[in-house]
Amino acid sequence: MNPSIVSHQQLYDLLFEAYGPQHWWPAKTAVAMMVGVILVQNSTWTQAAKVVDVLAEHNYLSWRRLRDVDEQTLWDLLRPAGYFRVKTKRLKAVASFVGQYDDDLGRLFALEPAMLRVKLLTVNGVGKESADSIICYGAKQPVFVVDAYTRRLFYRLGWVGERAGYDEIQELVHENMAMEQTLLGEYHALIVSHVKEQCKVRPICSGCPIIFCPRYHNSR
DNA sequence: ACCCAGGGTCATA
DNA sequence: TATGACCATGGG
Numbered sequence: 008m009n010p011s012i013v014s015h016q017q018l019y020d021l022l023f024e025a026y027g028p029q030h031w032w033p034a035k036t037a038v039a040m041m042v043g044v045i046l047v048q049n050s051t052w053t054q055a056a057k058v059v060d061v062l063a064e065h066n067y068l069s070w071r072r073l074r075d076v077d078e079q080t081l082w083d084l085l086r087p088a089g090y091f092r093v094k095t096k097r098l099k100a101v102a103s104f105v106g107q108y109d110d111d112l113g114r115l116f117a118l119e120p121a122m123l124r125v126k127l128l129t130v131n132g133v134g135k136e137s138a139d140s141i142i143c144y145g146a147k148q149p150v151f152v153v154d155a156y157t158r159r160l161f162y163r164l165g166w167v168g169e170r171a172g173y174d175e176i177q178e179l180v181h182e183n184m185a186m187e188q189t190l191l192g193e194y195h196a197l198i199v200s201h202v203k204e205q206c207k208v209r210p211i212c213s214g215c216p217i218i219f220c221p222r223y224h225n226s227r
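Following this line, the structure appears as structure tokens:
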């Protein structure tokens with residue numbers, strides 16, 4: 008519990024002053040971004056990024072090529088990111104979905120955000136976090152992405168309960184910040200950077216209690 | 001030899 | 001609606 012940080016905007020300002028812009032999503036193209044969303048699931052970004060690079064080298068950052076390649080070939084390329092059989096199927100499901108829009112992400116991203124979310128959630132392997140990541144960082148629409156790091160930090164701040172649901176946390180942010188894509192996207196990126204790495208190295212301000220943000224689901 | 005990582009699905013109650 | 005098993009590799 009940190010009595011000195013009261014609002015989302017205040018937390019955002021502290022994080023931004025401490026770390027600066029995070030330049031998310033760390034992918035060169037929209038296709039690489041969406042492939043990365045699947046690969047990073049319950050894995051690390053370093054492993055996911057390696058696999059994205061390997062896929063790029065083999066020209067598999069192409070929806071048509073992802074649809075056409077046989078699964079066992081993808082297995083070997085995805086192996087380092089973990090869950091390689093599952094993620095192979097998910098990549099193919101996403102490629103098949105985008106195929107409904109003639110592989111034109113411009114068309115897909117032109118959908119209204121609420122409609123885009125509903126459609127993305129029908130794709131095997133795309134849950135709320137993945138859908139919102141695609142909407143925010145791919146389609147550049149204002150949506151706040153909730154993940155495990157967000158939960159941890161908000162819980163440590165006393166802003167949400169231990170068992171708070173995804174939508175509850177998302178609404179908390181949406182109702183208390185300006186609905187701007189750059190702001191919401193940067194906020195999430197800053198939270199990830201802070202909880203994952205930076206909070207272990209240094210506090211975000213002098214005397215600021217948010218130094219460590221340990222996991223909690225096995226504690227207490 | 002553990003524990004964990006930028007989740008999601010499916011079967012069950 | 002909510003819980004639990006399952007998916008798999010690499011790094012600490």
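Numbering (this note's numbering), first residue to last: 8 to 227. Yeah, the Cβ is synthetic: ideal placement off N, Cα and C, and Gly gets one too.
query = Under three-state DSSP, which class holds S103?
reply = Reading the first sequence from its first residue, position 96 is the one you call residue 103. Three-state result, S103: helix.
inquiry  = Short of 7 angstroms in beta carbon distance, which residues of its chain neighbour I141, apart from the five on each side in sequence? Order them along the chain.
reply    = On the first sequence, residue 141 is found 134 positions in, with the first residue counted as 1. Answer for I141: M41, V44 and L127, listed in chain order.
inquiry  = Below 8 angstroms on the Cβ atoms is my contact criterion, and I expect V58 with L46 to pass it. Report the Cβ-Cβ distance as a whole number of Å.
reply    = For the purposes of this step, residue 58 is taken as residue 51 along the first sequence, with counting starting at 1. For the purposes of this step, residue 46 is taken as residue 39 along the first sequence, with counting starting at 1. At roughly 5 angstroms, the Cβ-Cβ gap stays under 8 angstroms, so V58 and L46 are in contact.
task = Please check the pair K96 and G134, which I expect to be a contact at CB under 8 angstroms, by giving their CB distance rounded to whole angstroms.
result = Within the first sequence, numbered from 1, the residue matching residue 96 stands at position 89. Within the first sequence, numbered from 1, the residue matching residue 134 stands at position 127. Not really, about 14 angstroms apart at Cβ, beyond 8 angstroms.
ask   = Are there 16 or more other CB atoms within 10 angstroms of the CB of G192, so buried, or fewer, so exposed?
value = Here residue 192 corresponds to residue number 185 of the first sequence, with the count starting at 1. So G192 ends up on the buried side.
ask   = What span of residues does the alpha helix (DSSP H) with I108 cover, start to end?
value = Residue 108 sits at position 101 when you count from the first residue of the first sequence. What sits at residue 108 in the sequence shown is Tyr, not Ile. It is not in any alpha helix (DSSP H) - Y108 carries neither H nor E in the DSSP assignment.
request  = Assuming D139 contacts V199 (C-beta within less than 8 angstroms), just tell me the rounded distance between them.
outcome  = As a first step, residue 139 must be located in the first sequence, where it is residue number 132. As a first step, residue 199 must be located in the first sequence, where it is residue number 192. The pair is not a contact, with the Cβ atoms about 13 angstroms apart (cut-off 8 angstroms).
Proximal residues to A37 (C-beta, below 7 angstroms), its chain only, five neighbours per side dropped = Here residue 37 is taken as the residue at index 30 of the first sequence, counted from 1. If we look at A37 and ignore the five residues flanking it on each side, its Cβ neighbours are L112 and G145.
key: M184 vs Q16 beta-carbon contact at 8 angstroms   = The residue labelled residue 184 in the question sits at position 177 within the first sequence. The residue labelled residue 16 in the question sits at position 9 within the first sequence. Yes, they are a contact pair.
Alpha helix (DSSP H) segment containing S11, residue limits = If you number the first sequence from 1, residue 11 lands on position 4. Careful: S11 lies outside any alpha helix (DSSP H) and carries neither H nor E.
ask   = In terms of residue numbering, what span does the alpha helix (DSSP H) encompassing L179 cover?
value = In the first sequence, the residue the question calls residue 179 occupies position 172. Element bounds for L179: Y173 to H181.
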